[in-house]
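S.K.: Protein chains in written order, with the numbering used here: chain U, 597 to 1026; chain S, 597 to 1026.
Cβ atoms here follow ideal geometry from the backbone N, Cα and C, with glycine treated the same way.
What you are looking at is a predicted structure, and each value in this text was computed from that prediction instead of being measured.
(1) Please state whether DSSP places residue 1008(U) in a helix, a strand or coil.
(2) Would a check of beta-carbon distances place residue 929(U) closer than 9 Å to chain S?
(3) Can you give me the start and stop residues for the beta strand (DSSP E) that residue 611(S) sits inside?
(4) Are there three or more Cβ pairs, one per stretch, closer than 8 Å when the region 901-916 of chain U is compared with the region 708-721 of chain U?
(5) Out of 706(S), 712(S), 693(S), which one is the CA nearest neighbour of residue 732(S)?
(6) Along chain U, which residues have their Cβ under 7 Å away from the Cβ of residue 816(S)?
(7) Look at residue 1009(U) and residue 667(U) and say whether their C-beta atoms are less than 9 Å apart.
(8) Near residue 771(U), which residues of its chain fall below 8 Å by C-beta distance, leaving aside the five closest residues on each side in sequence?
(9) If we require 4 or more residues per run, which alpha helix (DSSP H) segments fall completely within the region 754-805 of chain S?
(10) Note down, in chain order, every chain A residue with its Cβ under 9 Å from the Cβ of residue 1002(S).
(11) So what does DSSP say about residue 988(S), is it helix, strand or coil?
(12) Please identify the residue among 628(S), 895(S), 897(S) whose C-alpha is closest to the C-alpha of residue 741(S).
(13) Which one of 751(S), 843(S), 885(S), 618(S) has the shortest CA to CA distance from residue 957(S)?
(14) By the criterion of Cβ-Cβ separation under 7 Å, what are the contact partners of residue 896(S) in chain U?
(15) Quick one: complete beta strand (DSSP E) runs, 3+ long, within the region 631-698 of chain U?
(16) The beta strand (DSSP E) with residue 849(S) in it runs from where to where?
(17) Kindly indicate if chain S contains any beta-carbon less than 9 Å away from that of residue 1053(U).
(18) If you drop the 5 nearest sequence neighbours on each side, which residues of the same chain put their C-beta closer than 7 Å to that of residue 650(S)?
(19) Could you give the uninterrupted runs of the alpha helix (DSSP H) lying entirely in the region 696-759 of chain S, keeping only those of 4 residues or more?
(20) Please report the straight-line C-alpha distance between residue 617(S) and residue 977(U), rounded to a whole angstrom.
(21) If we define contact as Cβ-Cβ less than 9 Å, is residue 826(U) a contact residue for chain S?
(22) For the region 671-682 of chain U, which residues have a CB atom closer than 7 Å to at least one CB atom of chain S, in sequence order?
(23) Residue 1017(S) by DSSP, collapsed to three states: which one?
(24) Nearest to residue 811(U) by CA position, among 840(U), 917(U), 787(U), is which residue?
(25) Under 8 Å by Cβ, that's how I've got residue 745(S) and residue 760(S) pegged, so tell me the actual separation to the nearest angstrom.
(26) Label residue 868(U) either buried or exposed according to how many other C-beta atoms from any shown protein chain fall within 10 Å of its C-beta, with 16 as the threshold for buried.
(27) So which of 619(S), 787(S), 611(S), 663(S) has the shortest CA-CA distance to residue 712(S)?
(28) Can you tell me whether residue 824(S) is buried or exposed, with buried defined as 16 or more other CB within 10 angstroms of its CB?
(29) Would you verify that the beta carbon of residue 757(S) is, or is not, closer than 9 Å to some beta carbon of chain U?
(30) Who are residue 950(S)'s beta bridge partners in DSSP?
(31) Return no unless some Cβ of chain S is closer than 9 Å to the Cβ of residue 876(U).
(32) Cβ closer than 8 Å: which chain S residues qualify as neighbours of residue 908(U)?
(33) Does DSSP classify residue 820(U) as helix, strand or coil?
(34) If you draw a straight line from the alpha carbon of residue 689(S) to that of residue 974(U), how long is it in whole angstroms?
(35) From 696(U), 661(U), 793(U), 675(U), pick the residue whose C-alpha is nearest to that of residue 1024(U); which is it?
(36) Cutting at 7 Å between CB atoms, please list the residues of its own chain near residue 777(S), excluding the five before and the five after it.
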């Protein structure tokens, strides 16, 4: 017996990861996919962009319906970007018209009427523009942003999924390395420098400050991009700390600049011939201490380790990353458009959070700065207010499963669906 | 009723941590102290040297009997050196006679007749010399070495406590960072370099190779100090890997040297004026790739993070670290002298281990090299034999307790006992 033909109301969804990945961005993906599977009468397949938005432009759509329930659930425990991400930024509608047009073309060809974009400021701007574009072209597209950034710089949301886990990693790492240095300092290394991410804002560096629960505990000094590097004041403080505690641990943000507005990492304090130094800011700071104060040093550069360290992710961060993915789909099926789930902190002494909603137009391209009141008077540590804000974000552990002594991270099939368009697409070179 | 006076048979013990600390050296301390407390008729107090052997020389003895049972148990979950360590090496009996004499003087003054020295090659040599010295002076001192080194270079023992946890850290880290790089490589970073410890031997770099369970998984290239750095061959391999997999992850040992026998970290491939480059080998390797192949890179320097990362310590390593501490005391009360507990691997397909005994004279100053058969033909990865040796050492997790989102590590009172000697001691400047 032939089935009755019903009018089509089920449309596919497109999900893409954008920009630098995090330890928990795949939890947002799991939130999207698992929730979409609960609405089979509204959402058909969830296609994921291979390498982010490039997947849509090149019509490389990964069919997530080919993945088992278990594989999708395992995404919650898997760092990196499971479908690939990219740093490609769409410019204004005028400048990047061809790209926007191509996106709509691909969406049409694959019956995609839901667009979920998982990223930071730039991506929210892109999602907003795509929404405007679709409206202009009268293509019914629901565009929902999903916040993600280790930089913690999206506005309106209390914090950004991805940040809490880096925060936990850097706080744990400086506590541990600090204990190492403390035990050797009487006859060996006296100064230890840890370089962390944060080119524009000191959120990650600030998070390291959580490790200092009592005066004298590492990190002793934090260098923020929000404060101009004052060499004399810094060296005086290092010397004071070493004399008081026997050693000094320093967390430096990669974005620290000197009075001329140059990144210390590039300014080079050593080379009289003006050669750019290899490496980042940690060796520059460490060498400066050695040259001026004579203390033996060691330094570490956490780099990608900090944002991929799923093994030590924050449970709170993980739950929030999942929740924004889930909420994005719920918003979409309820008919919202051009919005982004945000995290609202509940009032009161005990930390609590809930999901709320912000318009993409209000989020796009607005950068949330670290409040001035979060940095201590001397510029070298965080305040109690900063601690109250940051501390809840690193609470809880959510360990991955281990196999053979190593985390057993999800490996998806990532099956790309056959292309339907005859036209290939080539990006214009920037 | 007055107690009957019995002849004194209970003597104190001295325990010292030596050289670079590890994530689990305090577990050995816990093994020593908890076991000693089980023999109150033989061992009185366990004094720990403040900052290692310097604590004995300066008569700074920490009374571990002042620490609660809980505090000592918590040492199993605490990185760094709980009593302080140092890099002070005692030379030959002739050269350092005054120091050896001083040690015996301090031991006599505090009724110390057990000496437990927790360290690497140098320390086993020192423990052996102290034993000889005591014999010469007819002072009845039981000297027991306790193996510890992230370098894994002590002979006779199958492996060294401390190594397994670094091994696990570097394998987990390169797996995680590799997933990050893989997801961004199509439009961003293509080459990632992780610098790990190992100035003389490639054990730690080799351990990173455990993350490669299938061809193509990170790390793609390992640079060992056992292989002369061949720039052309290396660059060719990087290019090949990027072309095949889209990205390339590299683990480099800090000890890698060029054909002239110079550390790459110091050789500087960039600076025409011969200025020493700041920083280690990772930036040198990364910049070389950029200059010659044009690939965008990132690099991380794990430094102290790798050897203090108690949060991701190997359970096997932890258990072995505890076991050698425990065995050291058991050997002592059984009347053994000038020995060190070693770890014996049982024969057969399933990994098993037990504690055995080696003479300090056979351990002292013998460096265990990585077998040639552990490095693959092309020099860029580990062999199956190496994997079989290393894999059991990273098995199991043994998470610390968390408080406020951070590991709650033990903080001891470290009460120094009153000095009994009238003479102060000053080290001769080297």
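M.R.: Per the coordinate set shown:
(1) Of the three classes helix, strand and coil, the one that applies to residue 1008(U) here is coil, per DSSP.
(2) No, its Cβ sits nowhere closer than 9 Å to a Cβ of chain S.
(3) Judged by DSSP secondary structure, residue 611(S) falls within the beta strand (DSSP E) whose first and last residues are 607-613.
(4) Taking 8 Å as the limit for Cβ pairs, the verdict is that the region 708-721 of chain U does not touch the region 901-916 of chain U.
(5) For residue 732(S), the nearest C-alpha among the options comes from 693(S).
(6) Result: empty, since nearest Cβ-Cβ is about 15 Å, beyond 7 Å.
(7) In contact: residue 1009(U) and residue 667(U) (Cβ atoms closer than 9 Å).
(8) Same-chain partners within the cutoff: 807, 813, 814.
(9) Secondary structure within the region 754-805 of chain S: the alpha helix (DSSP H) runs of 4 or more consecutive residues, fully enclosed, are 759-780, 799-804 (chain order).
(10) This model lacks chain A altogether, as its protein chains are U and S.
(11) Residue 988(S) carries a helical assignment under DSSP once its states are collapsed to helix, strand and coil.
(12) When each option's Cα is compared against that of residue 741(S), the closest is 628(S).
(13) Of 751(S), 843(S), 885(S), 618(S), the residue nearest in Cα terms is 751(S).
(14) Result: 897, 898, 899, 900, 901.
(15) Counting only runs of 3 or more, we get 639-645, 657-659.
(16) Looking at the DSSP string, the run of the beta strand (DSSP E) that includes residue 849(S) is 844-849.
(17) Here chain U has residues from 597 to 1026 only, and residue 1053(U) is not among them.
(18) Excluding its 5 nearest sequence neighbours in each direction, residue 650(S) has C-beta neighbours in its own chain below 7 Å: 682, 684, listed in chain order.
(19) As far as the region 696-759 of chain S is concerned, its whole alpha helix (DSSP H) runs of at least 4 residues are 717-732.
(20) A straight-line Cα-Cα distance of about 27 Å links residue 617(S) and residue 977(U).
(21) Not an interface residue.
(22) Per Cβ criterion, the list reads 675, 676, 677, 680, 681, 682.
(23) In the structure shown, residue 1017(S) sits in coil (DSSP, three-state: anything other than H, G, I, E or B).
(24) Nearest option by C-alpha distance: 840(U).
(25) With a Cβ gap of about 11 Å, residue 745(S) and residue 760(S) do not count as contacting.
(26) Low confidence applies here, because residue 868(U) scores a pLDDT of 36, under 50, leaving its location unreliable; read the following figure in that light. Classification of residue 868(U): exposed, given that the 10 Å Cβ count is below 16.
(27) For residue 712(S), the closest alpha carbon among the candidates 619(S), 787(S), 611(S), 663(S) is that of 611(S).
(28) Classification for residue 824(S): exposed.
(29) With 9 Å as the cut-off, residue 757(S) does not count as an interface residue toward chain U.
(30) In the DSSP secondary-structure assignment, residue 950(S) is bridged to 940(S).
(31) Yes, residue 876(U) lies at the interface with chain S (some Cβ there is under 9 Å from its Cβ).
(32) Result: 907, 908.
(33) Here residue 820(U) sits in coil by DSSP.
(34) Within the model, the alpha-carbon separation for residue 689(S) versus residue 974(U) is close to 51 Å.
(35) Distance check between residue 1024(U) and each of 696(U), 661(U), 793(U), 675(U) places 696(U) closest, using alpha-carbon atoms only.
(36) The beta carbon of residue 777(S) is closer than 7 Å to those of 785, 788, 843, 845 in its chain, skipping five residues each way along the sequence.
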